[in-house]
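Trainee: Just passing along the structure, written as structure tokens.
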Amino acid sequence: MISKQLAIKTLNTALQSGGDYAEIYLEETVHDTIALENGAVESLGKMQTYGAGIRILKNVHSVYGYTSDLSKKSLLKLAGDLAASFEGERIIEVTSVKNVHIKKINKIVHPVSKVPTSEKVSYLKECYAITSKVDPRLVRIQDNFLETNRVFEIYSAEGSQAKHYKNYEDRSRLVLVSMAADNGKIETWFEGPGAFDGWDFFKEKLDYKTLAKESGEKAIRQLSAKECPSGVYPVVIGNGWGGVVFHESCGHSLEATATAKHLSVFSDSIGKQIASPLVSAYDDGTIPNAWGSNDIDSEGHKTQKNLLIKNGICVGFLVDKFNGRRLNMEANGCSRRQNYRYEPTSRMSNTYIAAGKDKPKDIISDTKLGIYVTSFGGGSVEPVTGEFNFSASEAFVIRDGKVCEPVKGCTLIGSGKEVLMNIDRVANDVALGQGNCGSASGMVPVNVGQPTIRIKTITVGGRGGKLQ
Amino acid sequence: MKFDLFFKLAKEAGIEASQLSISRNTSLSFSLFEHEIDSYSANDSYQMSAIGVYKGKFGSANTQKSGKAAFEFLVSAIKDNAITSEKKEPAEIFQGSDHYKPGNYFSSALAKTPTKDKIALLRELDTKIEAFDKRIAPNYGVSYEESDTRSEFYNSYGLKLKERTNCFVIGAQVPVKEREEVREGFDVYFSNDLSTFDCDAFTKKVCNQGLSKLGSKCIKTGIYPTVLKKDCFSRILSYFLSSVSSEEIQRHSSSLEGKLGTRIASPKLTITENPTLKNVFRSAFDDEGVATIKKDILKKGVLKTYLYNIETARKDGVTTTGNAGYTGSKMGISYGNIVVKSGKKSFEEMISPVNEGIFITSLSGLGTGMNAVSGDFSCQAEGFHIVDGKIAEPISLITISGNLFKLLKTIKDIDNESELLYGGTTCSNVLIKGMNIGGE
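Protein chains in written order, with our numbering: chain R, 1 to 468; chain C, 469 to 908.
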């Protein structure tokens, strides 16, 4: 997007006041959206994100700025303005640029961007036709296809030879929303499978026909769900999207963004037991073609499979370059950002609790009275206190070891420190679910995941009184 | 005029009518950690959004590029998108309103104040927070952000509109620690007049917010009279406002369908939209170039209007309410400067009749815990016990749950401590008759 000469000049301008690291992140991204409303094409959207972010580090201080004007004048002005916030003599003079070869983890055979719009519209109409046959009480069905095609370049320098990385990311997502109405009640169901993959993922690997049918069925089922009881109960959490529990209760608190400034309950936890011995957990940015994967991170590091918890003992954090300086730890390939308007920082990618030995059905049958949560709408955490919350989008009562009536309006709350220690069963059925995670460096695609687990007791919020 | 080229290219491509919105933003931000600037950011961004009518259908696109190539991208995308659209509604570009309320919320004094003075202000706050109480944890952080936004609107009928706002936001995140318990105070102050920032008062407010939470306990599950702090109520209210969107009504995905002119909330509740109030949320025109107007949405509990853009207004046979807003590159519904009419009592007077209740001061997870369509919600909360009409001990790790529309009907009182909140709503604290509280 810019010449190597301009990159060198910009880096040198940025480093003029004693910065020990400078980086230019350049991006051109096209977001395409096709939206069907009750089977008809409602709108097509095309959005182009374009610009550059410049970052300078000096010890444990960082300056960052961005512009959507990639002209020489604009980049040099931005680099100069940012450098002016430091005082000092130059310690690095960049003289050359080396292209870095990137090993592709996420290979795409049939890029979604090459598929004609008409074929994508037909695919969405097929989904609509399946969902709409489920029940006449489905009053609104939305079928959307979202694509993000990003080309980015990074020039980074901490010595006389700068490194240059150039890569792309093609991520797409099918979004199905079903809305059911009956007798004044309205309920919705959302499905959003996605991947860093090509059209073959959607046509061949994804069972979109079953998904479209289930989307309608689950919205209808919610119409008859009773209000969730409230109190403190055993809770079994299903695999896949259930992993949002780990993501919120622990994952965010293990990001260096929080631990470096002691803003996390787990700041001093390396080597300490923070979870039940049944729990081991990973953040793995290298799963080929997964929604949260990357070939390299936003600083140019290769993505890694990072072990965070081993048999309940905290063994690692997610570390980016900047926060790694405070922690005296090496960056481990997890520095991410939504786009050039965000300074990159440590973020999760595909995070999951590893498989245990139990069978899911045994966990249910061994639970006398409790709640079984199979899907979540999302959740959030306050890393300082470790207190988290998740909202279930699908839950059932467990009575005498059997899954009984569906319940709605269920929230789980607790403290990360306690809930991880409280996991008393871990099954062998690990699966991943796709979501978008919002934090310091914007919204990034992530997979959450886990096998079926049981939390011995946790606070459940709802309007259904006491569980009986 | 440099945007004439866009309209020329659009016309040549067969686009019958079109509009172009341009947003330019410059911003500055920095934060202090352990008394030093640990991050500093200076930004400059630009975005063009265009909508056009091609063969009777709408097409839209946006880009952060500028110049001829960007215009060509927009024109090509408008045509491609219009060709595939299957919408039956007629497409039309608005020509212009007769009158627009003039004025900007822009302070040249703020723009001209040197950055070193702003850093000095933040250092003063940093020093005061540290000295406030020995339980303040050393890892607190303070930040300063300032933005200057220029909006321009043009259409192929020759309409030209401009607006400019600037604003600063000072924020503090203050963890407090006593023995093993950690709590946090967090607050922001925003304005475009630096002289209005009272550093002592802000320090006291944010530190006490954290300190007052120390020693917090859970509470027994039950139904309690509950006071929602103004910012908690305004967050819940935002879901009500999305249900007033005519788009949602026309798609049968709002619980307020067919409720126009009926009482849907407590007579204590009156909600007005006043888009041209002089503050950072001011806007004299919407994203279709329509002049914005002051209007009651809810008056003494009766629903007075839905929020319309041109297309949805035509469908209902009414006039647009000036609430068009981009969602992505597509036109949807938006609003700004919502005002909840305040009551007559002070906070203390309002809670004095409550024998036992809860004062909710913070909500977490409402975004995922709220079903925006049905209004059912359940989320994490913290606050204080109310005992014998007075604020008592702090409470944490509880849930509140209920239904938004039922909640609005059970508003018992609204106090007179109205404040413009960071988010664009002017609101007071609200007493709810009974709320489901999940705890022990």
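Ideal Cβ positions, reconstructed from N, Cα and C, are used throughout, including at glycine.
1. Three or more C-beta pairs under 8 Å: does that hold for the stretch 450 to 460 of chain R against the stretch 220 to 238 of chain R?
2. Using Cβ-Cβ distances below 7 Å, what residues of the stretch 10 to 31 of chain R are close to chain C?
3. Let me check one thing: in DSSP terms, what residues is C:Glu649 bridge-paired to?
4. List the residues of chain R whose Cβ lies closer than 9 Å to the Cβ of C:His720, in chain order.
5. Between R:Asn294 and the rest of its own chain, which residues show a CB-CB distance below 6 Å, the 5 nearest in sequence each way excluded?
6. Check this for me: beta carbons of R:Met348 and R:Leu327, under 9 Å apart or not?
7. What is the residue span of the beta strand (DSSP E) that R:Gln434 lies within?
8. Under the three-state reduction of DSSP, which class applies to C:Gly726: helix, strand or coil?
9. Strictly by DSSP, which residues pair up with C:Cys895?
10. List, in chain order, every chain B residue whose beta-carbon is nearer than 7 Å to that of R:Lys261.
11. Going by DSSP, what residue range makes up the beta strand (DSSP E) through R:Glu42?
12. Between C:Tyr514 and chain R, is there a C-beta pair that is closer than 9 Å?
13. Measuring straight from C-alpha to C-alpha, what distance separates C:Lys858 and R:His252?
14. Given that a residue counts as buried once 16 or more other Cβ atoms are within 10 Å of its Cβ, and exposed if not, what is C:Leu467?
15. What residues of chain C sit near R:Arg463, judged by a beta carbon separation below 7 Å?
16. Return the Cβ separation of R:Thr411 and R:Gly461 in integer angstroms, given the expectation that the two are a contact with Cβ distance under 8 Å.
17. Pull out every residue of the stretch 387 to 418 of chain R whose Cβ sits closer than 8 Å to any Cβ of chain C, in chain order.
18. Could you tell me how far apart the beta carbons of R:Val279 and R:Gly312 are, in whole angstroms, since I believe they sit closer than 8 Å?
19. Can you name the residues that DSSP bridges to C:Asn530?
20. Report buried or exposed for C:Ile691, applying the criterion of at least 16 other Cβ atoms within 10 angstroms of its Cβ.
21. What's the C-alpha gap between C:Asp548 and R:Lys46?
22. What residue ranges within the stretch 826 to 875 of chain C form continuous alpha helix (DSSP H) runs of no fewer than 4 residues, ordered along the chain?
23. Provide the residue span of the alpha helix (DSSP H) that contains R:Arg221, from first to last.
24. Look at the alpha carbon of R:Pro136 and the alpha carbon of R:Tyr372, and state the distance between them as a whole number of angstroms.
25. Quick one: which unbroken beta strand (DSSP E) runs of 3-plus residues sit fully inside the stretch 290 to 377 of chain R? Chain order, please.
26. Report the rounded CA-to-CA distance for R:Lys58 versus C:Ala538, giving the unit in angstroms.
27. Is there a Cβ of chain R sitting closer than 9 Å to that of C:Pro643, yes or no?
28. Can you list, in chain order, the residues of its chain whose CB lies under 6 Å from that of R:His31, leaving out five sequence neighbours each side?
29. Can you name the residues of chain C whose CB is closer than 8 Å to the CB of R:Val121?
30. Where does R:Met421 sit, in a helix, a strand or coil, going by DSSP?
31. From R:Val419 to C:Ala605, what does the alpha carbon distance come to, in whole angstroms?
32. Taking the alpha carbon of R:Lys408 as the reference point, which residue from R:Lys218, R:Lys226, R:Leu432 and R:Lys4 has its own alpha carbon closest?
33. Express the C-alpha separation of C:Val656 and C:Asp668 in angstroms, rounding to a whole number.
34. In terms of residue numbering, what span does the beta strand (DSSP E) encompassing C:Met799 cover?
35. Restricting to Cα atoms, I'd like to know which of R:Asp400, R:Lys272, R:Ser215 and R:Ala440 is closest to R:Glu394.
36. Residues of chain R with a CB under 7 Å from the CB of C:Phe541: which are they?
Mentor: Let me spell this out:
1. yes
2. none
3. C:Glu646
4. Val139, Arg140, Met179, Ala181 and Ile186
5. Gly285 and Thr303
6. no
7. Ala431 to Ser439
8. coil
9. C:Glu887
10. This model lacks chain B altogether; the protein chains it does include are R and C.
11. Ala40 to Lys58
12. yes
13. 37 Å
14. The structure shown does not extend to residue 467 of chain C, since chain C is modelled only from 469 through 908, so no value can be given for it.
15. Ser869, Gly870 and Asn904
16. 4 Å
17. Glu387, Phe388, Asn389, Phe390, Ser391, Lys408, Gly409, Cys410, Thr411, Ile413, Gly414 and Ser415
18. 6 Å
19. R:Met47 and C:Ser517
20. exposed
21. 10 Å
22. 834 to 837
23. Tyr208 to Leu223
24. 29 Å
25. 305 to 310 and 350 to 353
26. 37 Å
27. yes
28. Met47 and Thr148
29. Thr552
30. helix
31. 25 Å
32. R:Lys226
33. 14 Å
34. Lys798 to Ile801
35. R:Ser215
36. Gln48
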